[in-house]
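Chemist: Have a look at this one before I ask anything.
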Amino acid sequence: MKNLLLIAFALCSNLVLGQGLMYTIDVTKNTDTFFVSVDIPKNLGKSEGTFQFAATAPGTYQTQNIGRYVSNFKAFNKKGKELKVEYIAPNHYTISKPHKATKITYEVAETFDTQVSSYPVYMMCGSSIEEDHTLINTHTVMGYFRGHQSDPLQIKLIGGENWITGSALKQIDGIFTAESFDHAVDSPILSGNLTTAQTKVADTPIQIYTYSEQGKFNSEALLSNMKDMLEASQKFLVKLPVDQYTFLYYFLPNPTGTTGAWEHSYSSEYVLGEQEPTEQYMKQVTDIASHEFFHIVTPLNIHSEIIESFNFVEPTPSEHLWLYEGVTEWASNILLYRGGVVPFEDYVKNSLATKIIVNENYFDKSWSLKEIAARSFNEDGAKQYGNIYYKGSLVAGYLDIRLLELSNGTRGLREVMLELVKKYGKGNPFTEKTFFQDLVDMTYPEIGDFIHDYIQNAEPLPHQEYLEKIGLNYKREGNKIDIRKMVNPTDQQKMLLEVWSKNLPL
Ligand SMILES: [Zn+2]
3 MKNLLLIAFA LCSNLVLGQG LMYTIDVTKN TDTFFVSVDI PKNLGKSEGT
53 FQFAATAPGT YQTQNIGRYV SNFKAFNKKG KELKVEYIAP NHYTISKPHK
103 ATKITYEVAE TFDTQVSSYP VYMMCGSSIE EDHTLINTHT VMGYFRGHQS
153 DPLQIKLIGG ENWITGSALK QIDGIFTAES FDHAVDSPIL SGNLTTAQTK
203 VADTPIQIYT YSEQGKFNSE ALLSNMKDML EASQKFLVKL PVDQYTFLYY
253 FLPNPTGTTG AWEHSYSSEY VLGEQEPTEQ YMKQVTDIAS HEFFHIVTPL
303 NIHSEIIESF NFVEPTPSEH LWLYEGVTEW ASNILLYRGG VVPFEDYVKN
353 SLATKIIVNE NYFDKSWSLK EIAARSFNED GAKQYGNIYY KGSLVAGYLD
403 IRLLELSNGT RGLREVMLEL VKKYGKGNPF TEKTFFQDLV DMTYPEIGDF
453 IHDYIQNAEP LPHQEYLEKI GLNYKREGNK IDIRKMVNPT DQQKMLLEVW
503 SKNLPL
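Quick note, the numbering used here runs 2 ahead of the 1-based positions in the sequence shown.
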C-alpha cells in the first residue's frame with residue numbers, strides 16, 4: 003500500500019464452486035448503501051453461525067472494523083421466515099439456528115460518505131456509490147462465516163446499465179468467482195462510466211480501468227505515462243511473477259479522506275485527487291503505480307505465515323513491514339533510475355534527500371521500523387505508519403549498499419530479493435520469527451548487525467558513511483541536502499557506484 007502524506011489453493015472443482023456462498027450486491031437502490039444478500043446453498047453446521055466482517059485487511063496495516071458500517075442484518079430459513087440474530091460488536095453477527103439458514107441480507111454504508119469518529123478507512127481501501135459508478139473493495143461489503151474463510155464464493159453485482167467493470171476476478175456470465183474470501187478481498191471491483199486501455203509487458207497482459215469524475219484522466223493517457231515504468235519493472239524483475247495484471251484508477255476532485263493506492267496479487271486500486279494532469283502530477287501517479295506494481299514481489303510473493311493465513315478477526319502485525327513496504331518503496335524508485343526512466347539528479351533528490359528530511363521533520367525518528375510495524379494498528383502507531391515509505395525506503399537503500407559492498411559488487415538487495423522469490427514464492431511463506439536469521443544465513447554475518455541497528459532498533463541513519471561507500475558526497479546545511487558524485491573516487495567507490503547504478507546481470 004502507499005498513502006500520500008493470500009492466497010488459497012485452488013483445490014475446488016466447479017461443482018464445489020457452485021455450492022459456495024453467492025453474494026448479490028445491489029448498488030442501484032440509493033447512492034450511499036450497498037444492499038447485500040447472501041445465498042447459502044449448503045447447510046451450515048449448528049456451531050457455524052458466526053458471520054464475520056473484517057477488522058482489517060492484508061496490506062492496509064490499519065484497523066478498519068467494517069462491522070461499524072453494517073446495518074439491518076437478517077437471516078432467513080428456506081420458507082423465508084426470519085431467524086434470530088445478534089450483533090456482537092465490533093465485527094460479527096451470530097445466527098441462532100445457522101443450520102436452518104438459507105439466506106442472509108444486510109446493508110453496508112459506503113466508507114467514502116460515512117463519518118466515523120475514529121479509524122477512518124483509507125479511501126483506496128474503502129467503498130463508494132454514486133449515480134455513475136461504484137468502487138467495491140470487497141472486504142468493506144462482504145463478510146464470511148467463521149470456519150469458511152477458504153471456501154469458494156460467487157459475486158453478482160447489480161449496477162447501472164452499460165457500466166464497464168474492471169477486476170482481476172474471473173467473470174463468467176456476469177458472475178465473479180473467487181477461490182476464497184481472501185481471494186475476493188484480494189480483488190477490488192470498479193464499475194461504472196469507465197475508460198479502458200490494455201497493453202502487454204513481455205507476455206503479460208495489462209489492463210487499465212479508470213473512473214474520473216471530471217473526465218480529466220483516462221486509461222490511454224495513464225497507460226502511455228506508465229509504459230516506461232512497466233518496462234523498467236520488467237527489466238528489474240527479469241520475469242514478472244504474474245500472468246495478468248489490472249490497474250484500477252479512481253479520480254475525484256475533493257477527496258474527503260486519505261488517498262493513495264492499495265496493492266493486490268493481480269491488481270492495484272488507486273484513489274487519487276483529480277488535479278490538473280500536469281507532467282509533474284502524472285509522474286507522481288506513475289511513481290505510485292511503480293510502488294504498487296512492485297508489491298507483486300513482496301508481500302505478495304515473499305511474506306510470513308501471518309500474511310499467508312490472514313486473520314480478519316484480530317489485527318495481527320508482522321514485524322517484516324520493513325520488507326513489505328520499505329523495500330518495495332526503495333525498489334520502485336531505484337528500478338526507475340536503473341531503467342533510465344529517472345535521471346541520477348532526480349533520484350538522489352526525491353528518493354534520498356527528500357526522504358531524509360521527511361523522516362526527520364514529519365515523524366518521530368526514534369521509532370524503529372520494527373516498532374512502526376508492531377504498532378501500526380493502534381492510533382499512535384497509525385500516525386507513524388507513513389514513515390515506512392521514508393525511513394523504510396532509506397534503510398532498504400543502505401541495506402542494498404551494504405550487500406553490494408560485502409559481495410564486492412556482485413549481489414545487492416535486488417539480487418537477494420529475486421533469490422527470495424525463488425526460495426519462497428506464492429503459497430510458501432517464510433517463518434516470521436526466524437526470517438532475520440534466515441536472511442543473515444543466506445547473506446553475510448555483518449547483515450545481522452545492520453538489521454539490529456537500523457530495523458530492530460532506531461540508530462541514527464548513516465547517510466554520509468553509506469553514500470561515501472558508493473562514491474557520493476553528502477553535504478547538509480539544515481534542511482538543505484546536496485548529494486553528488488565525488489570528483490576523485492577511489493577504484494572501490496567507482497566500482498560500487500557503477501554496480502549500484504544498474505541491474506546486475508543474473
Ligand atoms: Zn505499499
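The C-beta atom is built at its ideal place from N, Cα and C for all residues, glycine as well.
Given residue 97, which residues of its chain have a CB within under 6 Å of its CB, disregarding the five upstream and five downstream residues?
Modeler: As a position in the sequence shown, residue 97 is number 95, starting the count at 1. Counting only Cβ-Cβ distances below 6 Å, and skipping sequence neighbours, we find 51, 77, 85, 87, 103.
Chemist: Per DSSP, which residues does residue 111 bridge with? Please list them.
Modeler: Position 109 of the sequence shown holds residue 111. According to DSSP, which records beta bridges pairwise, residue 111 is partnered with 35.
Chemist: How far does the beta strand (DSSP E) with residue 26 in it extend, from its first residue to its last?
Modeler: To locate residue 26, count along the sequence shown from 1; it is residue 24. Run containing residue 26: 23–28, per the beta strand (DSSP E) assignment.
Chemist: Check whether the segment 303–323 and the segment 350–370 touch, using three or more Cβ-Cβ pairs below 8 Å as the test.
Modeler: no
Chemist: Assuming residue 221 is part of the alpha helix (DSSP H), what are its boundary residues?
Modeler: Here residue 221 refers to the residue found at position 219 when the sequence shown is read from its first residue. For residue 221, the uninterrupted alpha helix (DSSP H) run begins and ends at 221–239, by DSSP.
Chemist: Using the three-state DSSP reduction, which class does residue 10 fall into: helix, strand or coil?
Modeler: Taking the sequence shown and counting its residues from 1, one reaches residue 10 at position 8. Note that residue 10 scores a pLDDT of 35, beneath 50, so its modelled location is shaky; the value from the coordinates is reported in the next line. In the structure shown, residue 10 sits in coil (DSSP, three-state: anything other than H, G, I, E or B).
Chemist: Check whether the Cβ of residue 24 lies closer than 7 Å to any Cβ atom in chain B.
Modeler: Of the protein chains in the structure, only one exists, and it is not chain B.
Chemist: Would the C-beta of residue 4 count as close to ligand 1, meaning under 6 Å from any of its heavy atoms?
Modeler: Residue numbering aside, residue 4 sits at position 2 when the sequence shown is read from its first letter. If you check the C-beta of residue 4 against ligand 1, you find a heavy atom less than 6 Å away.
Chemist: Just to confirm the assignment, what range does the alpha helix (DSSP H) spanning residue 197 have?
Modeler: Locating residue 197 in the sequence shown gives position 195, where the first residue counts as 1. Looking at the DSSP string, residue 197 is not in any alpha helix (DSSP H); the run it does join, the beta strand (DSSP E), is 197–203.
Chemist: Taking the beta strand (DSSP E) that residue 176 belongs to, which residues open and close that run?
Modeler: Taking the first residue of the sequence shown as 1, we reach residue 176 at position 174. It is not in any beta strand (DSSP E) - residue 176 carries neither H nor E in the DSSP assignment.
Chemist: Hey, residue 457 and residue 371: beta-carbon distance below 7 Å or not?
Modeler: Counted from its first residue, the sequence shown places residue 457 at position 455. Counted from its first residue, the sequence shown places residue 371 at position 369. The answer is yes: Cβ separation under 7 Å.
Chemist: With DSSP collapsed to three states, give me the class of residue 472.
Modeler: As a position in the sequence shown, residue 472 is number 470, starting the count at 1. In this structure, residue 472 counts as coil in the three-state DSSP scheme.
Chemist: DSSP three-state label for residue 353, please.
Modeler: In the sequence shown, residue 353 corresponds to position 351, counting from 1. DSSP places residue 353 in helix when its eight states are reduced to three.
Chemist: If you count every other CB in all the chains shown that lies within 10 Å of the CB of residue 451, and 16 or more means buried, which is it?
Modeler: Within the sequence shown, residue 451 is the residue found at index 449, counting from 1. Burial call: exposed.
Chemist: At a cut-off of 6 Å, is residue 271 close to ligand 1 when judged by its beta-carbon and the heavy atoms of the ligand?
Modeler: One-based indexing of the sequence shown puts residue 271 at position 269. False, no ligand heavy atom lies under 6 Å from that Cβ.
Chemist: So for residue 148, helix, strand or coil by DSSP?
Modeler: Within the sequence shown, the letter at position 146 stands for residue 148. Residue 148: coil per DSSP, three-state reduction.
Chemist: By how many angstroms is the C-alpha of residue 60 removed from the C-alpha of residue 118?
Modeler: Here residue 118 refers to the residue found at position 116 of the sequence shown. Here residue 60 refers to the residue found at position 58 of the sequence shown. If I take the Cα positions, the gap works out to 21 Å.
Chemist: Would you give the residue range spanned by the beta strand (DSSP E) that residue 167 belongs to?
Modeler: Working through the sequence shown from its first residue, we reach residue 167 at position 165. 166–168 is the span of the beta strand (DSSP E), which, as asked, contains residue 167.
Chemist: Less than 7 Å between the beta carbons of residue 267 and residue 302, yes or no?
Modeler: As a first step, residue 267 is located in the sequence shown; it is residue number 265 there, counting from the start. As a first step, residue 302 is located in the sequence shown; it is residue number 300 there, counting from the start. Yes, the Cβ-Cβ distance between residue 267 and residue 302 is below 7 Å.
Chemist: Based on the DSSP secondary-structure assignment, which residues constitute the bridge partners of residue 85?
Modeler: Residue mapping note: residue 85 aligns to position 83 of the sequence shown, counting from 1. Residue 85 is bridged to 77.
Chemist: Over what stretch of residues does the beta strand (DSSP E) that includes residue 273 continue unbroken?
Modeler: What you label residue 273 is simply residue 271 of the sequence shown in a count that begins at 1. Counting along the chain, the beta strand (DSSP E) containing residue 273 begins and ends at 269–275.
Chemist: What is the residue span of the beta strand (DSSP E) that residue 484 lies within?
Modeler: Counted from its first residue, the sequence shown places residue 484 at position 482. Element bounds for residue 484: 482–487.
Chemist: Classify residue 68 as buried or exposed, calling it buried when 16 or more other Cβ atoms lie within 10 Å of its own Cβ.
Modeler: Locating residue 68 in the sequence shown gives position 66, where the first residue counts as 1. Under this definition residue 68 is a buried residue.
Chemist: Roughly how many angstroms separate the alpha carbons of residue 498 and residue 238, rounded to a whole number?
Modeler: What you label residue 498 is simply residue 496 of the sequence shown in a count that begins at 1. What you label residue 238 is simply residue 236 of the sequence shown in a count that begins at 1. If I take the Cα positions, the gap works out to 18 Å.
Chemist: Looking at C-beta atoms only, is the number of pairs between the segment 126–145 and the segment 22–41 that lie closer than 8 Å three or more?
Modeler: yes
Chemist: Between which two residues does the beta strand (DSSP E) harbouring residue 96 extend?
Modeler: Looking up residue 96 in the sequence shown gives position 94. Segment 94–97, the beta strand (DSSP E) holding residue 96.
Chemist: When we look at the beta-carbon of residue 273 and count the other beta-carbons within 10 Å, is it buried (16 or more) or exposed?
Modeler: The count along the sequence shown starts at 1 and reaches residue 273 at position 271. Label assigned to residue 273: buried.
Chemist: Alpha carbon to alpha carbon, how far is residue 197 from residue 352?
Modeler: Residue mapping note: residue 197 aligns to position 195 of the sequence shown, counting from 1. Residue mapping note: residue 352 aligns to position 350 of the sequence shown, counting from 1. Approximately 31 Å between the Cα atoms of the pair.
Chemist: Is it the case that the Cβ atoms of residue 210 and residue 249 are separated by a distance below 7 Å?
Modeler: As a working note, residue 210 is residue 208 in the sequence shown. As a working note, residue 249 is residue 247 in the sequence shown. The answer is yes: Cβ separation under 7 Å.
Chemist: When we look at the beta-carbon of residue 489 and count the other beta-carbons within 10 Å, is it buried (16 or more) or exposed?
Modeler: For this step, residue 489 is matched to residue 487 along the sequence shown. Result: exposed.
Chemist: Let me check understanding here. Comparing Cα to Cα, which of 308, 500, 160 lies closest to residue 134?
Modeler: Translated into positions along the sequence shown, residue 134 becomes position 132. Considering only alpha carbons, the answer is 160.
Chemist: How long is the line joining the alpha carbons of residue 54 and residue 299, rounded to whole angstroms?
Modeler: In the sequence shown, residue 54 corresponds to position 52, counting from 1. In the sequence shown, residue 299 corresponds to position 297, counting from 1. Distance between the alpha carbons of residue 54 and residue 299: 29 Å.
Chemist: Grab the span of the alpha helix (DSSP H) containing residue 293 for me, first residue to last.
Modeler: In the sequence shown, the residue the question calls residue 293 occupies position 291. 281–296 is the span of the alpha helix (DSSP H), which, as asked, contains residue 293.
Chemist: Does ligand 1 have even one heavy atom less than 6 Å from the beta-carbon of residue 330?
Modeler: Taking the sequence shown and counting its residues from 1, the one referred to as residue 330 is at position 328. At least one heavy atom of ligand 1 is nearer than 6 Å to the Cβ of residue 330, so yes.
Chemist: Give the secondary structure of residue 118 by DSSP, where H, G and I count as helix, E and B as strand, and everything else as coil.
Modeler: As a working mapping, residue 118 is identified with position 116 in the sequence shown. Residue 118 falls in the coil class under three-state DSSP.
Chemist: How long is the line joining the alpha carbons of residue 181 and residue 388, rounded to whole angstroms?
Modeler: For the purposes of this step, residue 181 is taken as residue 179 along the sequence shown, with counting starting at 1. For the purposes of this step, residue 388 is taken as residue 386 along the sequence shown, with counting starting at 1. Looking at the two C-alpha atoms, the distance is approximately 32 Å.
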